[in-house]
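So in UniProt numbering, spot 83 of the sequence shown is number 88, and the numbers just go up one at a time. Notes for the one structure printed next.
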Amino acid sequence: VPPTIIDCDPGVDDAHALFAAIGARHLSGLEAVTVVAGNVALRHTRRNALRIREVAGLDAAALPVYAGCPGPMIGALTDAADVHGADGLDGAGLPEPQGEVEPIHAVAFLIDRLRRAASEGRRVRLVTLGPLTNLATALIMAPDIADGLLEVRAMIGSAGRGNITPAAEFNAYVDPEALERVATTLDAAGADGVPFYVYGLTLTHTVTADRTEIARYATLDSRVGRAVAGMLGAYLDRHRVAPLPGMGGAPADEAPLHDPCVIADLLAPGAVRAVPGRLRVVLHGPARGQTLASFDAGDEVGAGSRVIWMVEGDAGRLRAALFSAVSGFS
Ligand code: BDR
Ligand code: CA
């Protein structure tokens, strides 16, 4: 299992993903967390990462947390407090954290850690669950760090419609310039590029939690199980919108497990179908943040950066992998 860093903006589904990654560390390889502004402001995402670490029973030595960029590369932050609650983890019932973030910036940490990975020949897997501001900034400051990356797996974008606008998925919309920078830099790195796995809405809207699934978490009889059940319940209350055409058919009373899909795929390898193709980001106009997907096998003219689109999966297997990982806490 490669050493793994999760860059995130917790956020209810980020928190669920983190609990699963911590609960199954032998499979996820998780060694550090970096946070960015996204679902809520940076002061909330960093506090939430610490609260998650502590309720999971870890301290700074076991899982350091680094705070990163407070907003996108251009313009002001658009948040998603309407979905995740004012502090980003509504319903989780987590106490104030006792610990602190590390004294260096997440971007500086990523640069140091990836350089070390390159020099030691043990490359790092980066999982991103929020806007790509931290990684894009690191790649601008130190393009050589691509040599330390084994792969990047990102919950971002959509091969179809969006969720924050008809065109754009939230993480792509918040910082489209960062996504553009990451996609082009990874594609251009080395001889073959760094593999960039894109888990977009096309997949995540098919991997949902209904009230029954949420109630199962409540039966776990652990603080983590109760936190997941509480926050997914609040998230689902906010999500109860009419299903949109072209959104993979997530029913009205089921919440898409966006970020956990990436972790679930690590825990249940092969559960998501990987389709090589290209990604292009729309930077201007009403479709700002839209990701255009082309597939090597299907489109006559491919345009954009090489990526691996993670388009459809075995929802039952993915859900089971998440539940089993979260079941590990006492
Ligand atoms: C993404 O946006 C955020 O609200 C979620 O945490 C997820 O990363 C889904 O579009
Ligand atoms: Ca997220």
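Note that the Cβ used here is the ideal one computed from N, Cα and C, for glycine as well. Please read these numbers as outputs of a predicted model, since none were measured by experiment.
Between which residues of its own chain and residue i is the CB-CB distance below 6 Å, once the five residues before and five after are set aside?
i, result
"residue 281", "301, 313"
"residue 285", "297, 308, 309"
"residue 124", "none"
"residue 392", "Outside the shown range of the chain, which is 6 to 335, sits residue 392, and nothing can be said about it."
"residue 292", "172"
"residue 14", "41, 43, 44, 50, 135"
Below 8 Å on the Cβ atoms is my contact criterion, and I expect residue i with residue j to pass it. Report the Cβ-Cβ distance as a whole number of Å.
i, j, result
"residue 119", "residue 76", "About 23 Å separates the two Cβ atoms, so there is no contact after all."
"residue 78", "residue 182", "5 Å"
"residue 110", "residue 73", "6 Å"
Between which residues of its own chain and residue i is the CB-CB distance below 7 Å, once the five residues before and five after are set aside?
i, result
"residue 102", "52, 55, 56, 59"
"residue 208", "266, 277, 315, 316, 317, 318"
In terms of residue numbering, what span does the alpha helix (DSSP H) encompassing residue i cover?
i, result
"residue 298", "No alpha helix (DSSP H) holds residue 298; the beta strand (DSSP E) holding it covers 296-300."
"residue 169", "Careful: residue 169 lies outside any alpha helix (DSSP H) and carries neither H nor E."
"residue 293", "Neither: residue 293 is in no alpha helix (DSSP H) and is coded neither H nor E."
"residue 336", "Because the chain spans 6 through 335 in this model, residue 336 falls outside it and cannot be assessed."
"residue 19", "17-28"
"residue 288", "Looking at the DSSP string, residue 288 is not in any alpha helix (DSSP H), and its letter there is neither H nor E."
"residue 184", "181-193"
State the start and end residues of the unbroken beta strand (DSSP E) segment that holds residue i.
i, result
"residue 201", "201-204"
"residue 211", "Looking at the DSSP string, residue 211 is not in any beta strand (DSSP E), and its letter there is neither H nor E."
"residue 157", "154-160"
"residue 310", "310-318"
"residue 12", "9-13"
Enumerate in chain order the residues of its own chain whose CB-to-CB distance from residue i is below 8 Å, with the five nearest sequence positions on each side excluded.
i, result
"residue 174", "161, 162, 163, 167, 168, 205, 206, 294, 296"
### Task
Could I get the ranges of all uninterrupted beta strand (DSSP E) runs contained in the region 33-93, with 3 residues as the minimum, in chain order?
Counting whole runs of 3 or more residues, the region 33-93 contains the beta strand (DSSP E) stretches 35-40, 70-72.
### Segment contact, 8 Å Cβ cut-off, at least three pairs: the region 8-20 with the region 128-146
Verdict: yes, contact present.
### Message
Suppose only complete runs of 4+ residues qualify. What are the alpha helix (DSSP H) ranges in the region 220-280, listed by chain order?
### Response
For secondary structure counted as the alpha helix (DSSP H) over 4 or more consecutive residues, the region 220-280 holds these complete runs in sequence order: 228-244, 265-272.
### Query
Quick check: the region 198-207 against the region 146-163, are there 3 or more CB pairs under 8 Å?
With a cut-off of 8 Å, the region 146-163 and the region 198-207 count as touching, because enough Cβ pairs lie within range.
### Task
Report yes or no: do the region 36-50 and the region 76-96 share at least 3 C-beta pairs separated by less than 8 Å?
Output reads yes: the region 76-96 touches the region 36-50.
### Complete runs of the alpha helix (DSSP H) confined to the region 86-135 [at least 4 residues]
Within the region 86-135, the complete alpha helix (DSSP H) runs of at least 4 residues are 86-89, 111-125.
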